[in-house]
Structure formats: C-alpha cells, structure tokens
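S.K.: Take 26 as the starting number for the sequence shown in this note's numbering and just add one per residue.
Glycine is no exception: its CB is placed at the ideal position from the N, C-alpha and C atoms.
There's a structure below that I have some questions on.
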Amino acid sequence: MPDLKRLSIHQATVMQQWNLRQAIEGTARAGLSGFSVWRDKLAELGTKEAAKVLDGAGIAATGLSFAGLITSADKGEAAKALDEARRVFDEAAAIKAPSVVFVAGGVDPRDKDIKAARARAVEGLAKLVPHARAIGVKIALEPLHPMICAHRSVLSTIKLANEWCDAVAAEDVVGIAVDTYALWWDPELEQGIARAGKRILAFHLSDWLVDTQDLRLDRGMMGDGVIDLKGFRRMVEKAGYTGWDEVEIFSARNWWKRDPDEVVRVVKERYETAT
Ligand code: ZN
C-alpha cells in the first residue's frame, strides 16, 4: 500500500478554492507533509512569506510548476524566456523546492517547424543548466500529452525526454517529471520509464476520464478513469523512484467546485486504494 508520508498535494488540485497559504495549511490539517507549488499562487504570497508559511506548517515544497516555454523562433523572445526560467529556479531555491517542472513550449506559428522548435528547446535547456546547478535546483522535463503540442509542449513522450536528457548531458541537474495523465497512452511507456531510471525527479498522479469534457482541465480523481495507476506506480518504483507522489488534478467541472478539505480527504483515500 502506498505510504501517505510520500503523498504531496499539488496546488492544481485545489487551484480555485485555496490560495497558497490556505493550501499549505489545509495540507498540514490533513496530516500530510508535502505540497507542490504553482508559480502564480507563489507570486501572490511572495517567496519569503511562502517559505515562512511552509516552515511553520512543517510542509515541504516538493516542486514548483513551472518554467519553460522557450521555443520561440525570435531570438529576443527566446532570451527573455530563458531569463524568466532562471527567475523560476531562484523562486524554487527560496522555498527549498528540489525541482522545477519544465514545460518546453509549443510550435511557433511563424515557422510551423516542430523539429526546429524541439531543437531550440534543447539548446535553451542547455543554457539553463549552469544557473540551476549553481543554486542547487533540478530541472524536471515534463513530457505532456501530444494534444497540447501546438501551444504548450513539443516534448510529448518519455522517449523524447530521455533523448533530451542524453543531449544535454547534465544528469546532476536535468531529469524527468512523469505525469500519468500525459503519458499513460504510450505503448513505449514501460521501456521509457525503465530507461529514465534515476532521472525521474517527480511523479504526478491523476486519472483519465472516459468521457473527458476538457483535455486540460478535466482530469479525473485516481480511480475514476481508465489509467492503471497501480501498474504505473510499480513501473516508476521499479525504475528506482523513491520521491514524492504529487496528486495533480486540474478539474474545472468537478473537484475545483468542491470543499477543498473534502477534496484532500478523497485524495488521501484514493491514493491508498487506487494507486
Ligand atoms: Zn504534471
């Protein structure tokens, strides 16, 4: 059975109900010890205050989402995006989050060149390594579902994430965030996760609803959909992952409308029974 000591509530799960302070306090109230932070909410509270609230509640920041979107074909825009990513790393360091989720960016409609976008992402990533290394923050490449390839992430599979890690060759800094919702459909998932091994820096859990209404904002609670989450967890643990299990459920039509304490209670229950 999964250990509640490894369960982290991702801010996305209670995005509409709680600000960062409330979410940290709610997580502590539920007897949990990990919370994964969303950057906009962190900006509202400020990193200094957030660090204080986390410490006071005995909650570890398990990650920060997100940095990236660095695929612009325009050199000036790309440089700005890299600077912004470095600022996100600084924020992670300030709240002692071990890693930042990295979302590559989409296809630039000006050149419609997905290959070039991927090459620019890898090139940009390499430029981010020295700063991340200097401040002790890891970069967790998150492959996302191909449905959002156009505007969000040209990194769509774990295979590609492994290839990017190979290309950047900074194993002490660059790893992978494995998200069940993004990757469950991939026939090469098992090999990809095994190959990722120690590169896995984060594990995000949610379920895929059969009758999903919105591909981004209608994630399911674990157990309500079609992902074999127990099998998924086994694969990730077999690869050597021993870190936090972050429950990340963007759910505009359901969970964001519920009482957040109730949501966290259901997350705990499903974590134990469905993952
Ligand atoms: Zn995720």
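1) According to the Cβ coordinates, are Gly130 and Ala142 closer than 8 Å?
2) Heavy atom of the ligand ZN less than 7 Å from the Cβ of His229, yes or no?
3) Quick one: give me the first and last residue of the beta strand (DSSP E) that Lys163 is part of.
4) How long is the line joining the alpha carbons of Ala75 and Val113, rounded to whole angstroms?
5) Please state if the CB of Val199 and the CB of Val154 are separated by a distance shorter than 8 Å.
6) Check for me: the beta strand (DSSP E) holding Ala277 runs from which residue to which?
7) At a threshold of 7 Å, does Ala119 count as lining the ligand ZN (C-beta to nearest heavy atom)?
8) Can you tell which of Ala110, Ala122, Asp138 has its C-alpha closest to the C-alpha of Val128?
9) CA-CA distance, Val292 and Gly161?
10) Would you mind working out which of Glu273, Glu188, Ala103, Glu213 sits nearest Val126, comparing C-alpha positions?
11) Spatial neighbours of Arg278 within its chain, please: CB distance less than 7 Å, with the 5 preceding and 5 following residues excluded, ordered by chain position.
12) Given a cut-off of 8 Å on the beta-carbon distance, is the pair Ala264 and Ile218 in contact?
13) In the structure shown, what three-state DSSP assignment does Asp270 receive?
14) Contact defined as beta carbons within less than 8 Å: I believe Gly59 pairs with Thr38. What is the distance between those atoms, to the nearest angstrom?
15) Taking Cβ positions, are Ile173 and Ile201 nearer each other than 8 Å?
16) Which of the three DSSP states is assigned to Thr237 in this structure?
17) Would you give the residue range spanned by the beta strand (DSSP E) that Val24 belongs to?
18) Contact defined as beta carbons within less than 8 Å: I believe Ala186 pairs with Pro171. What is the distance between those atoms, to the nearest angstrom?
19) What is the residue span of the beta strand (DSSP E) that Asp138 lies within?
20) Taking the alpha-carbon of Gln305 as reference, which of Leu234, Asp191, Ile183, Asp232 has the nearest alpha-carbon?
21) Who are the Cβ neighbours of Lys152 in its own chain at under 7 Å, not counting the five residues just before and after it?
22) By the three-class DSSP mapping on this structure, what secondary structure does Ala219 have?
23) Using CA atoms only, rank isn't needed, just tell me which of Trp209, Asp211, Phe228 is closest to Val203.
24) Any idea which residues DSSP pairs Val62 with across the strands?
25) What does His35 pair with, by DSSP beta-bridge criteria?
M.R.: Answer, in terms of the structure:
1) Yes; because the gap between Cβ atoms is below 8 Å, this pair is in contact.
2) Answer for His229: yes, Cβ within range of the ligand ZN.
3) 163-166
4) 14 Å
5) yes
6) Neither: Ala277 is in no beta strand (DSSP E) and is coded neither H nor E.
7) no
8) Ala110
9) 31 Å
10) Glu273
11) So the qualifying residues of the chain are Gln238, Asp243.
12) yes
13) strand
14) In fact, because the Cβ distance is near 12 Å, the residues do not count as touching under 8 Å.
15) no
16) coil
17) Residue 24 is absent from the model: the chain starts at 26 and stops at 300.
18) The Cβ separation is near 13 Å, so there is no contact.
19) Careful: Asp138 lies outside any beta strand (DSSP E) and carries neither H nor E.
20) As shown, the chain starts at 26 and ends at 300. That puts residue 305 outside it, with no answer to give.
21) The answer, listed in chain order, is Leu107.
22) Helix, per DSSP.
23) Phe228
24) Leu89
25) Ser61
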